[in-house]
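To keep things clear, I will list the structure first and then write my remarks on it.
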Amino acid sequence: MECINCDNVKTIIEQPEYLLFYFTAKWCGPCQKIKPMIIKLMEGLDSTKIKFYTVDIDENDDLCEKCNIKSVPTFILFKDKNEIGQCKGADIVPVANLIKPYC
């Protein structure tokens, strides 16, 4: 999983693929619980269509504020700089449903 921050987000958001941002924190139990499930889900996807990035909320206040992150884990799907959808919580089903139409 590649980490994203305020320094590289402008370059990453320009990519032509769908982009799934995973807002997380090291201290967050639910974030750590879902992380292996997310890795497994992403391994089964076509990486030419969707890219996956983590955002540590403790290191990226500005980005979290821009994306209006109020809780973690939060997942936001982007395409062409626009938010397509989002889901929150440690349940893998909503995350899979969010990205399924685009993979």
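Heads up: the sequence shown is residues 5 to 107, going by the working numbering.
Quick reminder that beta carbons are idealized off the backbone N, C-alpha and C, glycines included.
It should be emphasised that the depicted structure is a prediction, and the values quoted were computed from it without experimental measurement.
CA nearest to the CA of residue i, picked from the options
i, options, result
"Pro98", "Thr58, Leu81, Asn86", "Leu81"
"Phe56", "Asp84, Phe79, Ile96", "Phe79"
"Val13", "Thr28, Asp66, Cys91, Ile96", "Asp66"
"Tyr106", "Met46, Lys92, Asn64", "Met46"
"Ile16", "Ile88, Asp84, Gly89", "Asp84"
"Lys92", "Asn86, Thr28, Asn64, Cys7", "Thr28"
For residue i, three-class secondary structure by DSSP
i, result
"Val59", "strand"
"Ile88", "strand"
"Glu47", "helix"
"Glu21", "coil"
C-alpha distance - residue i paired with residue j, whole-angstrom precision
i, j, result
"Asn72", "Glu18", "20 Å"
"Gln90", "Ile103", "10 Å"
Cβ pair residue i, residue j closer than 8 Å
i, j, result
"Tyr22", "Pro77", "no"
"Lys37", "Ala100", "no"
"Leu24", "Ile61", "no"
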